[in-house]
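The sequence shown stops at residue 607 when you use this note's numbering, and every number in between is there. For glycine and all other residues, C-beta sits at the position ideal for the given N, C-alpha and C. Note sheet for the following structure.
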Amino acid sequence: MKVTFSIIKADVGGWPGHSLVHPRLIETAEKEMEKAKKKGIIRDFHVTHVGDDLELIMTHTKGTDNKQIHELAWKTFEKATEVAKELKLYGAGQDLLSDAFSGNIKGMGPGVAEMEFEERKGEPVIAFMMDKTEPGAFNLPIYRMFADPFNTPGLVIDPSMHRGFTFEIWDIMEHKKVFMNTPEETYDILALIGAKSRFVIKRVYSRNSDKFAKDEPVAVVSTEKLYQIAGEYVGKDDPVAVVRAQSGLPALGEVLEPWAFPHLVSGWMRGSHNGPIMPVGIKNAKCTRFDGPPRVAALGFQVANGTLGMPADLFDDPAWDYTRNKAQDIAEYMRRHGPFEPHRLPLEDMEYTTLPGIMKELGPRFQKL
Ligand code: 13P
Ligand code: 13P
Ligand code: MG
Ligand code: MG
Numbered sequence: 239m240k241v242t243f244s245i246i247k248a249d250v251g252g253w254p255g256h257s258l259v260h261p262r263l264i265e266t267a268e269k270e271m272e273k274a275k276k277k278g279i280i281r282d283f284h285v286t287h288v289g290d291d292l293e294l295i296m297t298h299t300k301g302t303d304n305k306q307i308h309e310l311a312w313k314t315f316e317k318a319t320e321v322a323k324e325l326k327l328y329g330a331g332q333d334l335l336s337d338a339f340s341g342n343i344k345g346m347g348p349g350v351a352e353m354e355f356e357e358r359k360g361e362p363v364i365a366f367m368m369d370k371t372e373p374g375a376f377n378l379p380i381y382r383m384f385a386d387p388f389n390t391p392g393l394v395i396d397p398s399m400h401r402g403f404t405f406e407i408w409d410i411m412e413h414k415k416v417f418m419n420t421p422e423e424t425y426d427i428l429a430l431i432g433a434k435s436r437f438v439i440k441r442v443y444s445r446n447s448d449k450f451a452k453d454e455p456v457a458v459v460s461t462e463k464l465y466q467i468a469g470e471y472v473g474k475d476d477p478v479a480v481v482r483a484q485s486g487l488p489a490l491g492e493v494l495e496p497w498a499f500p501h502l503v504s505g506w507m508r509g510s511h512n513g514p515i516m517p518v519g520i521k522n523a524k525c526t527r528f529d530g531p532p533r534v535a536a537l538g539f540q541v542a543n544g545t546l547g548m549p550a551d552l553f554d555d556p557a558w559d560y561t562r563n564k565a566q567d568i569a570e571y572m573r574r575h576g577p578f579e580p581h582r583l584p585l586e587d588m589e590y591t592t593l594p595g596i597m598k599e600l601g602p603r604f605q606k607l
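Here it is, written out as structure tokens:
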């Protein structure tokens, strides 16, 4: 059967500040999801949070970009916003950029990662959810999973992966996309995706046509606000991604392995700082130190006949303690830079700045060199 796996997420109010989602918002969302499940709109759901982002994970059979599914998510966020307003949560309704639903939730503030695929005999699917960063934060780990043999030995030793993968890469400044193949275009791909604030991996496809349809994604990343408002800075998106694993794809452990390196991402504190991404279990997905450090959580599902079953909280495991400690060391090192780059982002990437005001004020005092 064909199943659609959708994550739709939004920050509709932080508790307190930008650190967490209040349990009442989770309850509210669960109620709406339960109703939709009873009505048969969705097959299954799991509601969770990472930092201050409310995450709706759903399975259904309606395909991607489905109006009914997007409307369900929008209405759920509206209901949660009402509660957020009642509790005076911080930035209540922050990510709902419009007053009314327009048919597709893209470009309206929430983030979306969804894909439709033929459910295999065994279908492990992992939901990755980040807070205090941007979609480009997924470039490095997704590249490692699907293209780096030092991360994924399956690329070398598994005949069903040996043909490599196709990367769909978006230029979010020029609003264009390009499809590129590994392994032969590896250097060119890296030339693009190393510039992670401009080029982002949107989807990955298998090149093994015996196992996967050509247009059937095996990974997808949310890019929403950036997607809509190309070329103009509109803030950080706290991205999510969906990745399938095993049988012709990276094994679960190969999908998780890139996260052992807490790479630097942008979006920490006021959306204007670089910091390490720290893999955590959901219970530790709270952004406290300097509103961070940026976090990533991973829930694993073994999808069965379109249902999610129980999620496995994959980073809730001492195997990631070493990475978490390293992330703390890096966080400490970066923090010591205070307002200096490269902790603080370069001017063009900052979410807000006082510089134009300062320059205006100082205008007459500037002398020619
Ligand atoms: P199993 O033999 O346990 O299925 O594991 C296969 C594998 O590739 C694990 O990395
Ligand atoms: P969010 O994007 O997660 O709301 O965080 C905003 C911020 O500026 C935190 O310092
Ligand atoms: Mg927030
Ligand atoms: Mg957030």
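Return yes when the C-beta of residue i is under 8 Å from any heavy atom of ligand 2, and no when it is not.
i: residue 252; result: yes
i: residue 582; result: no
i: residue 287; result: no
i: residue 507; result: yes
i: residue 587; result: no
Quick check: does the Cβ of residue i come within less than 8 Å of any heavy atom belonging to ligand 3?
i: residue 567; result: no
i: residue 475; result: no
i: residue 328; result: yes
i: residue 559; result: no
i: residue 290; result: yes
i: residue 332; result: yes
Taking all protein chains shown into account, decide if residue i is buried (16 or more other Cβ within 10 angstroms of its Cβ) or exposed.
i: residue 245; result: buried
i: residue 344; result: buried
i: residue 460; result: buried
i: residue 354; result: buried
i: residue 388; result: exposed
i: residue 383; result: buried
i: residue 510; result: buried
i: residue 548; result: exposed
i: residue 569; result: buried
i: residue 495; result: buried
i: residue 448; result: exposed
i: residue 555; result: exposed
i: residue 239; result: exposed
Using only the alpha-carbon positions, how far apart do residue i and residue j sit?
i: residue 359; j: residue 484; result: 11 Å
i: residue 462; j: residue 433; result: 18 Å
i: residue 261; j: residue 488; result: 35 Å
i: residue 465; j: residue 265; result: Unreliable positioning characterises residue 465 in this predicted model, as indicated by a pLDDT of 49, which lies under 50. The coordinate reading is nonetheless provided below. For residue 465 and residue 265, the distance between alpha carbons rounds to 30 Å.
i: residue 592; j: residue 314; result: 36 Å
i: residue 253; j: residue 327; result: 6 Å
i: residue 468; j: residue 505; result: Since pLDDT at residue 468 reaches only 43, below the 50 mark, its modelled position is unreliable, and no value is offered.
i: residue 573; j: residue 296; result: 37 Å
i: residue 349; j: residue 419; result: 26 Å
i: residue 408; j: residue 478; result: 16 Å
i: residue 590; j: residue 372; result: 15 Å
i: residue 480; j: residue 600; result: 49 Å
i: residue 594; j: residue 604; result: 14 Å
So if DSSP puts residue i in a beta bridge, which residue, or which two residues, is it bridged to?
i: residue 403; result: 444
i: residue 328; result: 252
i: residue 540; result: 362
i: residue 291; result: 288
i: residue 298; result: 242
i: residue 545; result: 542
i: residue 415; result: 408
Out of the options, which one is the CA nearest neighbour of residue i?
i: residue 417; options: 397, 252 and 445; result: 445
i: residue 379; options: 303, 306, 589 and 536; result: 536
i: residue 428; options: 405, 447 and 332; result: 405
i: residue 243; options: 323, 596, 510 and 362; result: 362
i: residue 374; options: 597, 304, 507 and 502; result: 502
i: residue 458; options: 448, 367, 284 and 412; result: 367
i: residue 377; options: 556, 438 and 275; result: 438
Using a beta-carbon distance below 9 Å, is residue i in contact with chain B?
i: residue 260; result: The question asks about chain B, but that chain is absent: this structure has only one protein chain.
Does the distance between the C-beta of residue i and the nearest non-hydrogen atom of ligand 4 fall short of 8 Å?
i: residue 256; result: yes
i: residue 554; result: no
i: residue 524; result: no
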